[in-house]
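Comments concern the structure below.
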Amino acid sequence: MSPLQMLKTSIAAVLSWMVAGLLPSDQPPIFAVIAAIIIVAPSVNQSLAKVFERTLGVLLGVVLAMGVGLLFGQGTWVILLAVVLSVVVAWALRLSVAAGNQLPISAMLVLALGAASPTYSVERIVETVIGAIIAFVINALIVPPVPLEDTKREILTLAEETARSFERLADASIGRKGSEKPGLLLVEVRLLRPMQERADEAVLAAEESLALNPFARRYRPRISAMRDSLDELAHITVPLIGMTRAFRDHYDDELTSEPMMREIAIEMRRIAHDIRMRFVTPHEIGPEESVDTKPLLTTPLIMAAPSGVHWMLIGSLLEDLRRVHGVVAGDDER
């Protein structure tokens, strides 16, 4: 939990106790504080969802506790019975995880801390609503957190690893000493897919955090730019994986002696440079700094005729290089 999150949770809990404490009840407003602590979520829309889930769980829990208490009276076994019944009810109604967990907790607290009477149950529901509303308002007003840094870090990690994958493939293409075997290259490049999935989840979380956020307009352009960067990286990693697979499938000891493989390796290193210039460097320099991010892939590649056994692989690599260049240079037709 971040310091800001701790501050907001503390404020919501204290205010919930103070406001709910004004109710004409001889019980401390525990339910209000619990609701406030649970509902201060990382984003406003998540907080709103927790308001409904928490209130529903409490409502069902106190009603069930009241019914069990009126039927069977007081006792430890009655509390255990209420917990078991609450779990069964949550499963039968297919409640969300939050509401399903809250239902038995509320039933247990009602039976353990008070009398299972209609008056007591109504007071606990009102307490919960007060705490939920206060938590939601606090979460909306005190700088709603938008996970920009986490999202940027995931995208930069993906971009840097994509650049390194091109460099590793370039080294293997010319048989550089210490370069990795084609099979290992394919294993490593396939790791870009889960990295891309994590980055996509981070961008999606950032987009969702703008819902009901009063400051959404301030963040929307940056998150939109992150989404565009991730989409562009996706159109680079797909041909990169295809290039690595083709290299693994058609590799032989004579391939690295092909003159065109050296030219292709140079192009791969230029691509790695351009990926860093396009996706990494702009986020690392300060706003007052400037850097030339013009792509290096501007010189036409003159192709020499490959040998008969390698022409298909070289042609495939060149076509994928053309596609990647289109993305990096911003003129991709896709």
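The working numbering numbers the first residue of the sequence shown as 172 and each following residue consecutively. Just so it is clear, CB atoms sit at the ideal spot from N, CA and C, and this is done for glycine as well.
{"Item": "If we ignore side chains and look at the alpha-carbon of each, how far apart do Val498 and Ala436 end up?", "Value": "18 Å"}
{"Item": "Tell me which residues share the same chain as Phe202 and place their Cβ nearer than 6 Å to its Cβ, disregarding the 5 neighbours each side in the sequence.", "Value": "Arg295, Glu298, Thr299"}
{"Item": "Residue range of the alpha helix (DSSP H) that His444 falls in?", "Value": "430 to 446"}
{"Item": "Give the range of the alpha helix (DSSP H) segment to which Pro289 is assigned.", "Value": "289 to 312"}
{"Item": "Give the DSSP-derived three-state secondary structure of Ile506 in the structure shown.", "Value": "Because the chain here runs from 172 to 505, residue 506 falls outside it and cannot be looked at."}
{"Item": "Applying the criterion that 16 or more other CB atoms from any shown protein chain within 10 Å of the CB defines a buried residue, is Gly349 buried or exposed?", "Value": "exposed"}
{"Item": "Does Glu490 pass the burial test, meaning 16 or more other C-beta atoms within 10 Å, or should it be called exposed?", "Value": "exposed"}
{"Item": "Report, in whole angstroms, the separation of the C-beta atoms of Val233 and Val190, which I expect to be a contact under 8 Å.", "Value": "Rounded, the Cβ-Cβ distance is 20 Å, inconsistent with contact."}
{"Item": "Less than 7 Å between C-beta atoms, sequence neighbours within five positions excluded: which residues of the same chain meet that for Val360?", "Value": "Ser336, Leu411, Ile412, Thr415"}
{"Item": "Straight-line CA distance for Asp445 to Ala183?", "Value": "48 Å"}
{"Item": "Is Ser196 helix, strand or coil when you go by DSSP?", "Value": "coil"}
{"Item": "Quick one: using the 10 Å Cβ neighbour count with 16 as the cut-off for buried, is Thr247 buried or exposed?", "Value": "exposed"}
{"Item": "Would you please state the rounded distance, in angstroms, between the beta carbons of Val204 and Gln176? I believe it to be under 8 Å.", "Value": "About 16 Å separates the two Cβ atoms, so there is no contact after all."}
{"Item": "Does the segment 423 to 437 come into contact with the segment 395 to 402, if we say contact requires no fewer than three beta-carbon pairs (one atom in each stretch) closer than 8 Å?", "Value": "no"}
{"Item": "With 16 other CB atoms within 10 Å as the buried threshold, where does Met432 fall?", "Value": "buried"}
{"Item": "Keeping to the same chain, check which residues put their C-beta closer than 7 Å to that of Met366; ignore five residues upstream and five downstream.", "Value": "Thr328, Leu329, Glu332"}
{"Item": "If you follow the alpha helix (DSSP H) that Thr333 is part of, which residue opens it and which one closes it?", "Value": "319 to 344"}
{"Item": "Suppose you measure from the CA of Leu467 to the CA of Thr408; what does that come to, to the nearest Å?", "Value": "With a pLDDT of 49 at Leu467, under the threshold of 50, the modelled position of that residue is not reliable, and no figure is offered here."}
{"Item": "Out of Phe418, Arg449, Arg447, Ala443, state which residue places its alpha-carbon closest to the alpha-carbon of Leu484.", "Value": "Phe418"}
{"Item": "By a C-beta neighbour count over all protein chains shown, 10 Å radius and 16 as the cutoff for buried, is Val462 buried or exposed?", "Value": "Confidence at Val462 is low in this model, with a pLDDT of 44, below 50, so its placement is unreliable and no value can be given for it."}
{"Item": "Determine the direct distance from the alpha carbon of Phe450 to that of Val480, and round the result to whole angstroms.", "Value": "37 Å"}
{"Item": "Near Ser292, what residues of its chain come up, given a Cβ to Cβ distance below 8 Å and the 5 sequence neighbours on each side ignored?", "Value": "Val233, Val234, Ala236, Met237, Val281"}
{"Item": "Among Ala263, Ser257, Ala283, Leu194, which has the Cα closest to the Cα of Gln273?", "Value": "Ser257"}
{"Item": "Give every residue of the same chain whose Cβ lies closer than 8 Å to the Cβ of Val222, excluding the five residues on either side of it in the sequence, and list them in chain order.", "Value": "Ile210, Ala303, Ile304, Ala306, Phe307"}
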